Amino acid sequence: MIPVLLWCVIEGTPQQIAAAKSLGLTCLLAAAFILAVWCFLSSNNRRFGRREAFLMVTLTWILAPAVAGLPFLLWAHFFSPSGSHPFLSPINCYFEAMSGLTTTGASILVDIEALPRGLLLWRSETHWLGGLGIVLLFVAVLPLMGVTSRKLHSVESTGPLRGDTGPGIRDTARILWISYLVITVISALALRTAGLPWFNAVCEAFGAIATGGFSVRNASIASYKSPVVDTIIVIVMIFGAVNFSLYHELARGKWRRVWRDPELRALLVLLVVGSVVVVLSILPTDLHTIAGDAPKRGWLASIRHGVFNYVSMHTDTGFATVNFDSWPSPAILAIVLGTFIGGSAGSTTGGIKVVRFYAAAKILLKQVDTMIRPSVVKPVRMGGRTLSIEEQSSLLQTIIWFVVALVLGTIVLMLIGSSTGNVDLRTAFSASLVNLCTAGPGLGGVGPTQNYLWLPDASKLVLCALMLVGRLEIVPVLALFHPKFWSST
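Below is the structure:
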């Protein structure tokens, strides 16, 4: 937040100064809060175990959006020239910040470009900070407070079968953030070379590498009307969907080990297959861009927009160039399945993760094989090792919990919206799906050309909860409500 504040002061325009004031007040409040937490943790001699790690990570993700949303709230109340901005509502500010930090990309903004550039930069930066995780950002600092960073990292890291990329968890954090920073810089430079202004290039790079989806333009990436920009964004989104520990392996020259990674191969296959299905489905369809261009049809338009929007949704980014809500059913089905699966474990994406999908498919095939040949015991192997029964059970349980959360979210949104009649099943289901899987735009009333402002506040809070449990992959949050979890051992 401080770099954004300094940039606003340097620019010095009235809009930027207003943004700087709201950011400055937030910095003071955040500093006081962090100091209080530091004093508490450094003076608390109680052993910091796994239960405390679960609680701290969950509370961090609940409180962080409140802090991140303060600049929006303060600006709307004290510095906005408009008296009716959506950010006058604390819930709207919290929703936007939660969406940013969880890299969801769902927005309540109607006119994005009306915000001061400083707040737009901060909005995009919430994606970048949340991409690898707020807690991971501080694992090098937490040991100074007496907190075991390994426990926190194991709770917050996405995906199963987690492993360290270096000799220690603090080294792992540094390696991951260096990789993240390098790819971000390269992405911004590439977008600048493609013709985007520096401000746009940096903000769009933040959204792409974090697989977040916040854009600084009302028409998202479609506003640039550039196949080159589309291609760069697609490549960066795929980089964001790959397990970041593989970049450390690349830096160590272990190219073959990276290429042999089963999850990476499965991810690439899914992206190719899904893109082919979408392109073939929309080939006879007129494609209307969000920017309002004349409709286009044919192979070039279908490949460009089909691949871009499918990759965007499969990586749970949420950038859009066309209104895919009007696409044929096969394309919609491919997008829904891709959104649910998401990217690799240890990446910035949401969803159940490719490794779980891949492992679940292997487990089901094993069960079929066992039914046919009961005498043959065939282990489930991934990454050169055999998955234990406990690991198989954990993989399947997480997928089941995702489905349960999706169904419950859909039902609750339908019940809340029943009083107004504006929330149909298509809207409720897709809103639950894309927020649980941190993808952003959905179908129906929350499609690529719509926003979330019209939803009741209660629905927005439900979606915030789905973003949270989806980002932490459900189990760490559910564990807090289990009585046995808090019983003394």
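Residues 12 to 500, numbered by the numbering used here, are exactly what the sequence shown covers, in order. All residues carry an ideal CB built from backbone N, CA and C; glycine is no exception. Predicted model, so just to flag it, every value in this text is computed and none were measured.
Excluding the 5 residues flanking residue i on each side, which residues of the same chain have their C-beta closer than 6 Å to its C-beta?
i           : result
residue 274 : 355, 365, 366
residue 360 : 222, 252, 326, 327, 353, 354
residue 173 : Caution is warranted here: a pLDDT of 47 is assigned to residue 173, below 50, making its placement in the model unreliable, and no coordinate value can be reported.
residue 413 : 363
residue 373 : 391
residue 357 : 170, 254, 255, 256
residue 501 : As shown, the chain starts at 12 and ends at 500. That puts residue 501 outside it, with no answer to give.
residue 176 : Summary for residue 176: the model assigns pLDDT 46, below 50, so the residue's position carries little reliability, and this model does not support an answer.
residue 486 : none
residue 124 : 229
residue 103 : 97, 119
residue 336 : 454, 458
residue 474 : 446
residue 78  : 41
Following the continuous alpha helix (DSSP H) through residue i, name the residue where it begins and the one where it ends.
i           : result
residue 448 : It is not in any alpha helix (DSSP H) - residue 448 carries neither H nor E in the DSSP assignment.
residue 217 : 209 to 220
residue 128 : 128 to 142
residue 420 : 400 to 428
residue 23  : No alpha helix (DSSP H) contains residue 23, which DSSP labels as neither H nor E.
residue 233 : Taken as a continuous stretch (DSSP letters only), residue 233 belongs to no alpha helix (DSSP H), as it is neither H nor E.
residue 274 : 273 to 293
residue 260 : 256 to 262
residue 381 : 365 to 383
residue 270 : 266 to 270
With H, G and I counted as helix, E and B as strand and the rest as coil, what does DSSP make of residue i?
i           : result
residue 483 : coil
residue 460 : coil
residue 12  : coil
residue 308 : coil
residue 300 : strand
residue 392 : strand
residue 397 : strand
residue 105 : helix
residue 493 : coil
residue 119 : coil
residue 201 : helix
residue 438 : helix
residue 225 : coil
residue 472 : helix
residue 195 : helix
residue 452 : coil
residue 113 : coil
residue 97  : helix
residue 387 : coil
residue 242 : helix
Hey, would you say residue i sits closer than 7 Å to residue j, going by beta carbons?
i           : j           : result
residue 112 : residue 82  : no
residue 446 : residue 184 : no
residue 319 : residue 245 : yes
residue 425 : residue 439 : yes
residue 220 : residue 240 : no
residue 187 : residue 255 : yes
residue 224 : residue 351 : no
residue 3   : residue 296 : Residue 3 falls outside the range modelled here, since the chain spans only 12 to 500, and no answer is possible.
residue 243 : residue 302 : no
residue 362 : residue 448 : yes
residue 24  : residue 478 : no
residue 15  : residue 129 : yes
residue 288 : residue 345 : yes
residue 298 : residue 322 : no
residue 215 : residue 200 : no
residue 31  : residue 20  : yes
residue 450 : residue 324 : yes
Quick one: residues in its chain with C-beta nearer than 8 Å to the C-beta of residue i, no 5 flanking neighbours on either side, listed in chain order?
i           : result
residue 107 : 80, 83, 98, 118, 119, 120, 134
residue 293 : 313, 316, 317, 338, 339, 342
residue 190 : 255, 258, 259, 262
residue 269 : 257, 260, 261, 275
residue 126 : 120, 134
Got a sec? Which residues, its chain only, sit under 7 Å from residue i by beta carbon, not counting five neighbours each side?
i           : result
residue 101 : 84
residue 371 : 406, 407, 410
residue 38  : 12, 13, 16
residue 453 : 441, 442, 444, 445
residue 460 : 301, 334
Using a Cβ cut-off of 7 Å (strictly closer), state whether residue i contacts chain D.
i           : result
residue 258 : The displayed structure is made up of one protein chain only, and chain D is not part of it.
- Whole beta strand (DSSP E) runs in the segment 310 to 363 with 3 or more residues, listed along the chain? none
- Complete runs of the alpha helix (DSSP H) confined to the segment 29 to 95 [at least 4 residues]: 61 to 79, 81 to 85
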